[in-house]
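Engineer:
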Amino acid sequence: KNKYSIVPKLVRSGIYGGVYSATSRENPSQKVSIEVINKIKNLNTKDELVSQIKKLKKLKHKNLVKYIESYENEYNIYLVMESYTGGDLSQVITKKARNGKKFSESEARRVISSILEGLKYSHSKGIIYGNIQPSDILLDSQNEVKIPG
Numbered sequence: 024k025n026k027y028s029i030v031p032k033l034v035r036s037g038i039y040g041g042v043y044s045a046t047s048r049e050n051p052s053q054k055v056s057i058e059v060i061n062k063i064k065n066l067n068t069k070d071e072l073v074s075q076i077k078k079l080k081k082l083k084h085k086n087l088v089k090y091i092e093s094y095e096n097e098y099n100i101y102l103v104m105e106s107y108t109g110g111d112l113s114q115v116i117t118k119k120a121r122n123g124k125k126f127s128e129s130e131a132r133r134v135i136s137s138i139l140e141g142l143k144y145s146h147s148k149g150i151i152y153g154n155i156q157p158s159d160i161l162l163d164s165q166n167e168v169k170i171p172g
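Numbering of the sequence shown is given in the working numbering, commencing with residue 24 and proceeding in unit increments.
#1: For S137, which residues of its own chain have a beta-carbon under 6 Å away from its beta-carbon, when the five flanking residues on both sides are left out?
#2: Using a threshold of 8 Å, state whether the C-beta atoms of V115 and L162 are closer than that.
#3: Using the Cα positions of S106 and L72, report the straight-line distance between them to the nearest angstrom.
#4: Using the Cβ count rule (16 or more neighbours within 10 Å means buried), how would you classify S56?
#5: Could you tell me the boundaries of the beta strand (DSSP E) in which S93 lies?
#6: H84 and G153 - do their beta-carbons sit closer together than 8 Å?
#7: In terms of alpha-carbon separation, which member of N166, P171, I150 and S44 lies closest to S75?
#8: Ordered along the chain, which non-local residues of its own chain (more than five positions away) have a Cβ less than 7 Å from that of E92?
#9: Would you identify the three-state DSSP class for K118, choosing helix, strand or coil?
#10: Would you check if the distance between the CB atom of K89 and the CB atom of K148 is smaller than 8 Å?
#11: So, N61 versus G40, is the Cβ gap smaller than 8 Å?
#12: Spell out the partners DSSP gives Y152 in its beta bridges.
#13: Less than 8 Å between the beta carbons of I29 and Y43, yes or no?
Structure, rendered in structure tokens:
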């Protein structure tokens, strides 16, 4: 029944639960990230969560994490999304600082512009972010900015 094999090591914290790496059982070369949302812990926000998931599935923008599907069992809801291997913005900033470097003005402008484009699109579709920070901003292998839903 479960189409994915989840690696039981937390990659990052998501809005509603932990995010883990996983691979497709049908196609082991397909790497994904899965946010595991505990139904009991999120009981008060379940209606909001279901509504949010429906909206997330419809979002299509170059600066947003691509959601693949969701499924659930008795205890959890699983949000399956593309995996982004570039880390998060907080990690990139820390790594640059350790190496005595910082973002150039053009790099900073590109990152901020990408974040704003993604947020503008999300807001136009009814997805509002309450608190966004560098650890929430993901980067793909080409350092393109991706905002999770």
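Cβ coordinates follow ideal geometry from the N, Cα and C atoms, glycine included.
Here the structure is a predicted model, which means the values were calculated and not measured.
Structural biologist: Reading it off the structure:
#1: Position 114 of the sequence shown, counting from 1, holds the residue named residue 137. Around S137: N86 and V168.
#2: Reading the sequence shown from its first residue, position 92 is the one you call residue 115. Reading the sequence shown from its first residue, position 139 is the one you call residue 162. One thing to note: V115 has its Cβ within 8 Å of the Cβ of L162.
#3: Counting from one through the sequence shown, the residue named residue 106 turns up at place 83. Counting from one through the sequence shown, the residue named residue 72 turns up at place 49. When rounded, the separation of the alpha-carbon atoms in S106 and L72 is 21 Å.
#4: Numbered from 1 along the sequence shown, position 33 holds the residue referred to as residue 56. So S56 counts as buried.
#5: Residue 93 sits at position 70 when you count from the first residue of the sequence shown. In the DSSP annotation of this structure, the continuous segment of the beta strand (DSSP E) that includes S93 starts and ends at Y90 to E95.
#6: As a position in the sequence shown, residue 153 is number 130, starting the count at 1. As a position in the sequence shown, residue 84 is number 61, starting the count at 1. At least 8 Å separates the beta-carbon of G153 from that of H84.
#7: Numbered from 1 along the sequence shown, position 52 holds the residue referred to as residue 75. A small fix is needed here, since residue 75 is Gln in this sequence, not Ser. When N166, P171, I150 and S44 are compared, the shortest CA-CA separation from Q75 is found for I150.
#8: The sequence position of residue 92 within the sequence shown is 69, counting from 1. Cβ neighbours of E92 beyond the five flanking positions: V103.
#9: Residue mapping note: residue 118 aligns to position 95 of the sequence shown, counting from 1. In the structure shown, K118 sits in a helix (DSSP, three-state: H, G or I).
#10: If you number the sequence shown from 1, residue 89 lands on position 66. If you number the sequence shown from 1, residue 148 lands on position 125. It is not a contact, given that the beta carbons lie outside the stated cut-off.
#11: For the purposes of this step, residue 61 is taken as the residue at position 38 of the sequence shown. For the purposes of this step, residue 40 is taken as the residue at position 17 of the sequence shown. For N61 and G40, yes; Cβs fall inside 8 Å.
#12: Reading the sequence shown from its first residue, position 129 is the one you call residue 152. Partner(s): none; Y152 has no beta bridge.
#13: Counting from one through the sequence shown, the residue named residue 29 turns up at place 6. Counting from one through the sequence shown, the residue named residue 43 turns up at place 20. By the CB criterion at 8 Å, I29 and Y43 fall inside the cutoff.
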